[in-house]
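Asker: Residue numbers (UniProt numbering), protein chains in the order written: chain S, 1 to 226; chain X, 1 to 226.
Dumping the structure here so I can ask a few things about it.
There are 2 protein chains.
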Amino acid sequence: MERVYIGKTKDVYKQEDGNYLLQFKDDVTGEDGVFDPGANTVGLTIDGAGKAGLKLTKFFFEKLKDREIPTHYIDATIEEATMTVIPASIFGEGLEVICRYRAVGSFLRRYGKYAEEGQVLDGFVEVTLKDDERKDPPISEDALRMLGILTTEEYQVLKERTVQIADVVKEELAVKGIELYDIKLEFGKDSNNQIILIDEISGGNMRAYKDGEYIEPLKLQKIMIS
Amino acid sequence: MERVYIGKTKDVYKQEDGNYLLQFKDDVTGEDGVFDPGANTVGLTIDGAGKAGLKLTKFFFEKLKDREIPTHYIDATIEEATMTVIPASIFGEGLEVICRYRAVGSFLRRYGKYAEEGQVLDGFVEVTLKDDERKDPPISEDALRMLGILTTEEYQVLKERTVQIADVVKEELAVKGIELYDIKLEFGKDSNNQIILIDEISGGNMRAYKDGEYIEPLKLQKIMIS
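Spelled out as structure tokens, the structure:
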């Protein structure tokens, strides 16, 4: 298998059958040794983080499959920390779609003049460009269209699907008494030009809280799958 | 008259008849002594900058009046560098609406991965919050609505009016062989809840170029009104 991409938290291999294998690593994003799902740098390495991320990803992607929400997921082998996925093309050089239920993180840093920390946001969706150099700038629907990254129709599908998926994750966390504050998702298009969820859904993609306390990704995995 | 506001480039006085008087100052925004219409700090003081800004503002507001585009403008006294305006309430704690015809400035800093410097943008509109502390963050239509700053209808009016006004400015500059790259406008609501253009339209609000050379605000005024 050929390694086609080395990511911050995952490497990607191309299989002979045309599908891809994602190798989850033990590196997590953060700054100065502190985990931060919004960070662009690998902040620390945690033994078992890869498998934990994959366990949660498998759990959520299978929940989405049950609800017939299209994703790139085929299957996962936890022992090897690998996931098999169908090919998908990304939008531009990559987008992140964020769904927010409470005002924290970069939202609060930008709009703190109008929002209190922790304020309920009711599934607010925003898109950011994957661009480490420019610190993943937020981008509007109009700019996405003008720059040829998304059509108006694609933006609408992306937004609706983001809320739909985030709501599933929120519900599943709620079963364990955990509250989802925000989550970032990535989308691509399959060979039929259908918009599908790609990448992963793990503790590293979201901020989850229990009784007002932030839950680290590894702990989240243990609470969710035990 | 009571001074009700001290601004970076203008002071505001309340008149006894309920209207307001804007006193244009010789301070212009910039950083390290270099003029930058996008800057949040007063960078330098230029003798005559206030009157020059007012001359251009008067010129453009009267053009808009001819076209029945609503603004807060009543009249101007160049010798005193003052402009009389009707009262208007601002949105939230103030917005700036930017119309871009070429990719420069903060647009390029954010979206340089997808746009070349100077690329034509065809009247692209974006809104930023007036918030010096948070460096005037751009904000989406969805976020403006969610935070109670603008309704969907108000956003649409704001966007349409911005393009309409920017197009007038662009046309007027073109008469003198000058090209408008971008312009920032401010809006408010009058006592009938009509959305009107407020603040000023001067060299300090826009980037104007002639034969590929940036034109300083004072020079722009001289070229436009001679």
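Note that the Cβ used here is the ideal one computed from N, Cα and C, for glycine as well.
Please name the residue in X/Asp122, X/Gly177, X/Glu96 whose C-alpha comes closest to that of X/Leu144.
Answerer: Closest by alpha carbon: X/Glu96.
Asker: Looking at S/Asp182 and S/Arg102, is the spacing between their C-beta atoms short of 9 Å?
Answerer: Result yes, Cβ atoms of S/Arg102 and S/Asp182 sit closer than 9 Å.
Asker: Applying a beta-carbon distance threshold of less than 7 Å, which residues of chain S neighbour residue 227 of chain X?
Answerer: Because chain X in this structure spans residues 1 to 226, residue 227 of chain X falls outside the shown range and cannot be described.
Asker: Taking the alpha carbon of X/Ile139 as the point to measure from, which residue in X/Leu54, X/Glu126, X/Gln23 has its own alpha carbon closest?
Answerer: Nearest option by C-alpha distance: X/Glu126.
Asker: For X/Lys222, is the beta carbon positioned less than 8 Å from some heavy atom of the ligand ADP?
Answerer: In the structure shown, the ligand ADP is absent, as is every other ligand, since no ligand is present at all.
Asker: Is it the case that the segment 45 to 65 of chain X contacts the segment 198 to 209 of chain X, given that we only count it when at least three CB pairs across the two stretches are under 8 Å?
Answerer: Taking 8 Å as the limit for Cβ pairs, the verdict is that the segment 45 to 65 of chain X does touch the segment 198 to 209 of chain X.
Asker: Mind listing the chain S neighbours of X/Gly92? Cutoff is C-beta to C-beta under 7 Å, in chain order.
Answerer: Near X/Gly92 (Cβ distances below 7 Å), the residues of chain S are Tyr114.
Asker: How is X/Gly203 classed by DSSP in three states: helix, strand or coil?
Answerer: DSSP places X/Gly203 in helix when its eight states are reduced to three.
Asker: Contact criterion: CB-CB distance below 9 Å. Does X/Ile139 meet it with respect to chain S?
Answerer: At least one chain S Cβ lies under 9 Å of X/Ile139.
Asker: Among all the DSSP beta bridges, which residues are the ones paired with S/Glu126?
Answerer: In the DSSP output, where bridge partners are listed per residue, S/Glu126 has S/Ile98.
Asker: Taking X/Arg102 as the query, report the chain S residues whose CB atoms sit under 8 Å from its CB, ordered along the chain.
Answerer: Those do not exist, as X/Arg102 stays about 13 Å from chain S at its closest Cβ, beyond 8 Å.
Asker: Kindly list the residues whose CB is nearer than 6 Å to the CB of X/Lys184, restricted to its own chain and excluding five residues on each side of it in sequence; keep chain order.
Answerer: Hits under 6 Å: Glu96, Ile98, Asn205.
Asker: Using a Cβ-Cβ distance cut-off of 9 Å, determine whether X/Asp182 contacts chain S.
Answerer: Cβ-Cβ to chain S under 9 Å: no for X/Asp182.
Asker: According to DSSP, is S/Gly48 part of a helix, a strand, or is it coil?
Answerer: Of the three classes helix, strand and coil, the one that applies to S/Gly48 here is coil, per DSSP.
Asker: What residues are listed by DSSP as bridge partners for S/Met30?
Answerer: Met is not the amino acid found at residue 30 of chain S; the sequence shown has Gly there. DSSP lists S/Phe35 as partners of S/Gly30.
Asker: Quick check: the segment 59 to 67 of chain S against the segment 79 to 96 of chain X, are there 3 or more CB pairs under 8 Å?
Answerer: Because the criterion of three Cβ pairs below 8 Å is not met, the segment 59 to 67 of chain S and the segment 79 to 96 of chain X do not touch.
Asker: Looking at the strands, I want to know which residues DSSP matches up with S/Lys10.
Answerer: Note: S/Lys10 sits in a beta bridge opposite S/Phe24.
Asker: Bridge partners of X/Leu180, per DSSP?
Answerer: Bridge partners of X/Leu180: X/Ala208.
Asker: Taking the alpha-carbon positions, what's the X/Ala17 to X/Ser191 distance?
Answerer: This sequence places Asp at residue 17 of chain X; Ala is not what is there. Those two C-alpha atoms are separated by around 14 Å.
Asker: Nearest by alpha-carbon distance to X/Ile78: which of X/Leu21, X/Ile223, X/Glu116 is it?
Answerer: Ranking X/Leu21, X/Ile223, X/Glu116 by Cα distance to X/Ile78 puts X/Leu21 first.
Asker: Report the rounded CA-to-CA distance for X/Pro70 versus S/Pro87, giving the unit in angstroms.
Answerer: When rounded, the distance between both Cα atoms is 53 Å.
Asker: Is there at least one Cβ from chain S nearer than 9 Å to X/Leu121's Cβ?
Answerer: Yes, X/Leu121 counts as interfacial toward chain S.
Asker: Run through chain S and tell me which residues come within less than 9 Å of X/Leu129, C-beta to C-beta.
Answerer: Near X/Leu129 (Cβ distances below 9 Å), the residues of chain S are Arg110, Tyr111, Lys113, Tyr114.
Asker: Can you list the residues of chain X that S/Arg134 reaches, using a CB-CB cut of under 9 Å?
Answerer: Residues of chain X passing the Cβ test: Arg109, Arg110, Tyr111, Gly112, Lys113.
Asker: Given a cut-off of 9 Å, decide if X/Gly188 and X/Ile195 are closer than it, judged by their beta-carbon atoms.
Answerer: Yes. Within cutoff.
Asker: Leaving out the 5 sequence neighbours to the left and right, which residues in its chain are closer than 7 Å to X/Gln119 when beta-carbon positions are compared?
Answerer: Same-chain partners within the cutoff: Arg102, Ala103.
Asker: Can you give me the start and stop residues for the alpha helix (DSSP H) that S/Tyr73 sits inside?
Answerer: Unbroken run through S/Tyr73 is the beta strand (DSSP E), 73 to 77; no alpha helix (DSSP H).
Asker: May I have the straight-line CA-CA distance separating X/Glu133 from S/Asn193, to the nearest angstrom?
Answerer: Looking at the two C-alpha atoms, the distance is approximately 43 Å.
Asker: Could you check the C-alpha separation between S/Tyr5 and S/Glu93 for me, to the nearest Å?
Answerer: Using only the alpha carbons, I get a separation of about 13 Å.
Asker: Determine the DSSP secondary structure at X/Tyr155, reduced to helix, strand or coil.
Answerer: If DSSP states are grouped into helix, strand and coil, X/Tyr155 belongs with the helices.
Asker: Pick helix, strand or coil for S/Pro137, following the three-state DSSP scheme.
Answerer: Correct three-state label for S/Pro137: coil.
Asker: Comparing C-alpha positions only, which one of S/Leu44, S/Glu68, S/Asp142, S/Thr9 sits nearest to S/Gly33?
Answerer: For the residues S/Leu44, S/Glu68, S/Asp142, S/Thr9, the minimum Cα distance to S/Gly33 belongs to S/Leu44.
Asker: Exposed or buried, X/Val169, counting other C-beta atoms within 10 Å across all chains shown (16 or more means buried)?
Answerer: With 16 or more other Cβ atoms within 10 Å, it is buried.
Asker: Mind checking the segment 152 to 165 of chain X against chain S and listing, in chain order, the residues whose C-beta falls within less than 7 Å of any C-beta there?
Answerer: Answer set for the segment 152 to 165 of chain X: empty.
Asker: Tell me the residue span of the beta strand (DSSP E) that contains X/Leu197.
Answerer: Counting along the chain, the beta strand (DSSP E) containing X/Leu197 begins and ends at 195 to 198.
Asker: Where do the ends of the beta strand (DSSP E) carrying S/Met83 lie?
Answerer: Looking at the DSSP string, the run of the beta strand (DSSP E) that includes S/Met83 is 82 to 85.
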